[in-house]
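Below is one structure, written out as structure tokens, with a few remarks after it.
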Amino acid sequence: MTDILSGVLPTSDPDTDPGTPDQSEIDEHLVCVERIAVTHDVTTFVLAPRSTRWFYFQPGQYVTITVNLDGQEVNRCYTISSPPTRPDRLTITVKRVPGGPVSNWLHDRLTVGDTVPVTGPLGRFTTDRHPASKYLFLSAGSGITPLMSMTRTIIDLDTEVDVIFVHNARTPDDIIFRRELETIAADHPKVTVVAICEQDSTSQEWAGHRGRLSLPLLRDIAVDLPEREIFTCGPAPYMTAVRSMLDEAGADPARRHEETFSFEDLIGTRALASSESSVPTSEQVAAEVKTFSVELRHRRQTIECDADTTVLQAALRAGVRLPSSCEEGVCGTCKSSLLCGSVDMQHAGGIRPREIAQNKILVCCSKPLEDLIIDA
Ligand SMILES: Cc1cc2nc3c(=O)[nH]c(=O)nc-3n(C[C@H](O)[C@H](O)[C@H](O)COP(=O)(O)OP(=O)(O)OC[C@H]3O[C@@H](n4cnc5c(N)ncnc54)[C@H](O)[C@@H]3O)c2cc1C
Ligand code: FES
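Here the numbering used here is used: the first residue of the sequence shown is 86, the next is one more, and so on.
So this is what it looks like as structure tokens:
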């Protein structure tokens with residue numbers, strides 16, 4: 086990140102840079118200062134601090150919002166859709182998910198003047214970690230939000246970075262940030278925007294690309310695809326389709342970065358993968374897997390967990406349901422304090438370096454290295 090505003094926006098690696106806690110971290114109640122209708126089912130909420138401060142984050146990162154639903158606190162992650170180059174406000178852009186408790190609560194209940202607890206920033210899906218002169222952004226539905234933050238940042242910094250921004254929507258009425266994207270495309274020759282709609286909307290016939298993204302279309306849009314750093318965000322089926330297109334197109338896996346918002350599909354895939362791998366191989370049988378005890382202090386319960394199993398899985402097997410959502414080390418819902426022992430934690434950005442230094446762990450992606458005591 087380059088300095089543009091009073092020269093203080095830092096370059097940092099969320100893995101290694103603990104940051105300055107009171108500057109880089111957001112653990113506070115933010116005030117909703119504006120609601121912006123983006124489409125018929127998408128709203129941007131503009132959030133501001135209660136006293137003047139700047140937010141530090143990287144384009145593509147997200148925050149966790151806590152909502153009180155009938156006395157129960159529920160957490161959800163939302164990408165910061167604004168760029169870090171406009172650091173006095175944060176925006177989140179939320180799509181209503183039919184029957185979804187939090188997205189509908191935000192749409193129906195969060196009004197200007199209300200405060201909401203926000204924690205973050207979190208996440209590794211950011212261009213800051215992968216600087217390049219050419220990007221390909223592929224998004225579908227609400228997966229557009231991190232790519233919009235990245236694009237807004239690139240434009241604010243007035244760099245020579247070349248961006249191809251491809252977005253899939255159901256109908257023209259569902260194109261999130263449509264007017265802004267059209268303005269960006271018209272004003273910035275280095276940014277190419279391509280929208281693809283599955284069908285017309287009731288009010289508008291779609292004259293652009295139709296259907297879904299395909300490899301021939303992708304090759305047409307990005308002739309220099311192998312030269313580009315690729316960021317993809319969308320629902321799980323879209324991610325799967327894009328993955329196989331990029332494989333076929335010969336895109337370098339090291340230059341492909343993904344995020345999805347929907348954990349249910351991930352959990353389904355994981356369940357399948359774990360049932361497929363539940364029959365141990367002869368090597369697995371031969372290798373002795375150590376088993377450790379894990380004391381769940383808060384619950385006054387001790388379970389067994391082997392070195393190949395996450396604490397969350399072991400708890401589930403023992404009939405203990407610990408708070409969790411993504412089970413991927415992304416969302417931070419399962420964060421707990423490690424009071425004793427050590428773990429091998431393979432997280433995906435859902436915990437901050439400072440929290441790790443304070444002995445916090447994500448139980449969904451932590452395997453024991455010795456006996457543990459956890460405040461869970
Ligand atoms: C890192 C991260 C960033 C996110 N950023 C955004 C964002 O910028 N904008 C946004 O609208 N949402 C975002 N989400 C999704 C968000 O956290 C919630 O999952 C979503 O708002 C639904 O919450 P809910 O409580 O209403 O419904 P839930 O009970 O959580 O979900 C109901 C069902 O809808 C599916 N689902 C969840 N999110 C979506 C979605 N966006 N589109 C389609 N189906 C979905 C779930 O898998 C589940 O099947 C993000 C999620 C993650 C993990
Ligand atoms: S459940 Fe999401 S980080 Fe553990």
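Even for Gly, the Cβ is constructed at its ideal location relative to N, Cα and C.
Rounded straight-line distance, which links the Cα of Asp213 to that of Leu447 | Cα-Cα distance, rounded: 24 Å.
Are the CB atoms of Ile269 and Thr317 nearer to each other than 9 Å?
-> In this structure, Thr317 does not lie closer than 9 Å to Ile269 by Cβ.
Proximity below 9 Å, CB of Leu407 to CB of Leu423 | No, Cβ-Cβ distance for Leu407 and Leu423 is not below 9 Å.
Just the C-alpha distance for His432 and Leu303, rounded to the nearest angstrom, thanks.
-> When only Cα atoms are considered, His432 and Leu303 end up about 32 Å apart.
May I have all residues whose beta carbon comes closer than 5 Å to any heavy atom of ligand 1, sorted in chain order?
-> For ligand 1, the selected residues are Tyr147, Arg161, Cys162, Tyr163, Thr164, Val179, Lys180, Val182, Gly185, Pro186, Val187, Ser188, Ser227, Thr230, Phe346, Ser347, Glu349.
Is DSSP giving Cys449 helix, strand or coil here?
-> Three-state result, Cys449: helix.
Give the straight-line distance between the Cα atoms of Asp107 and Val203, rounded to the nearest whole angstrom.
-> Note that Asp107 scores a pLDDT of 42, beneath 50, so its modelled location is shaky; the value from the coordinates is reported in the next line. When rounded, the distance between both Cα atoms is 14 Å.
Straight-line CA distance for Ser167 to Glu373?
-> For Ser167 and Glu373, the distance between alpha carbons rounds to 50 Å.
If you check the beta carbons only, do His227 and Thr178 fall under 9 Å apart?
-> For the sequence presented, residue 227 should be read as Ser rather than His. Yes, the Cβ-Cβ distance between Ser227 and Thr178 is below 9 Å.
Do Leu457 and ligand 2 come close, with the Cβ less than 8 Å from some heavy atom?
-> Leu457 Cβ: outside cutoff for every heavy atom of ligand 2.
Regarding Thr418 and ligand 2, is the C-beta to nearest heavy atom distance less than 8 Å?
-> The closest heavy atom of ligand 2 lies less than 8 Å from the beta carbon of Thr418.
Check whether the Cβ of Cys450 lies closer than 8 Å to any heavy atom of ligand 2, and answer yes or no.
-> At least one heavy atom of ligand 2 is found less than 8 Å from the C-beta of Cys450.
Would you call Ala358 buried or exposed, if buried means 16 or more other Cβ atoms sit within 10 Å of its Cβ?
-> Below a pLDDT of 50, predicted positions are generally treated as unreliable, and Ala358, at 44, falls in that range; no measurement from the model is reported.
Length of the line joining the Cα atoms of Arg313 and Lys219 | In a straight line, the C-alpha of Arg313 is about 5 Å away from that of Lys219.
Residue closest to Cys450, alpha-carbon to alpha-carbon, out of Ile441, Ile459, Asp199, Thr395 | Nearest of Ile441, Ile459, Asp199, Thr395 to Cys450, Cα basis: Thr395.
Ligand 2 heavy atoms versus the CB of Gly414: any closer than 8 Å?
-> Under cutoff, so the answer is yes.
Can a CB atom of chain C be found closer than 9 Å to the CB of Val248?
-> You won't find chain C in this structure, because it holds only one protein chain.
According to the Cβ coordinates, are Arg341 and Thr124 closer than 9 Å?
-> No; because the gap between Cβ atoms is not below 9 Å, this pair is not in contact.
Which class does His294 belong to by DSSP, given the choice of helix, strand or coil?
-> If DSSP states are grouped into helix, strand and coil, His294 belongs with the strands.
Excluding the 5 residues preceding and the 5 following Gly208 in the sequence, name in chain order all residues of the same chain whose CB lies nearer than 6 Å to its CB.
-> Gln146, Tyr147, Gly434.
Taking one C-beta from the region 247 to 255 and one from the region 279 to 293 each time, how about it: are there three or more such pairs within less than 8 Å?
-> These segments touch.
Ligand 2 heavy atom lying under 8 Å from the CB of Leu401 = For ligand 2, not one heavy atom lies less than 8 Å from the Cβ of Leu401.
Apply the 10 Å Cβ neighbour rule to Gln143 and answer buried if 16 or more other Cβ atoms are within range, or exposed otherwise.
-> The residue is buried, with at least 16 neighbouring Cβ atoms inside 10 Å.
Across which residues does DSSP place Lys180 in a beta bridge pair?
-> In the DSSP output, where bridge partners are listed per residue, Lys180 has Val127.
Under 9 Å between C-beta atoms of Leu195 and Val131 = Taking a C-beta distance under 9 Å as the contact criterion, Leu195 and Val131 do not qualify as a contact pair.
Assigned exposure category for Gln443 - 16 Cβ within 10 Å defines buried = So Gln443 counts as exposed.
Quick one: using the 10 Å Cβ neighbour count with 16 as the cut-off for buried, is Glu344 buried or exposed?
-> Only buried fits Glu344, as 16 or more other CB atoms lie within 10 angstroms of its CB.
Would DSSP call Val308 helix, strand or coil?
-> Note: Val308 maps to coil in three-state DSSP.
List the DSSP bridge partners of Glu314.
-> DSSP output for Glu314 lists Tyr220 as bridge partner(s).
Going along the chain, which residues of its own chain have a beta-carbon closer than 6 Å to the beta-carbon of Phe437, five neighbours each way excluded?
-> The amino acid occupying residue 437 in the given sequence is Arg; Phe does not appear at that position. Excluding positions up to five away in sequence, the list is empty.
Should Gly208 be listed as close to ligand 2, given that the test is whether its C-beta is under 8 Å from any heavy atom?
-> Remark: the C-beta of Gly208 is outside contact range of ligand 2, defined as less than 8 Å to any heavy atom.
Among Val187, Phe346, Tyr141, Thr376, which one has its Cα closest to the Cα of Pro172?
-> Of the candidates Val187, Phe346, Tyr141, Thr376, Tyr141 places its Cα closest to the Cα of Pro172.
Of all the options Ala334, Pro320, Ser286, which has the alpha carbon lying nearest to the alpha carbon of Asp305?
-> Looking at the Cα atoms, Ala334 is the closest of the given residues.
Three-way DSSP call (helix, strand, coil) for Gly228 in this model | When DSSP states are grouped into helix, strand and coil, Gly228 belongs to the helix group.
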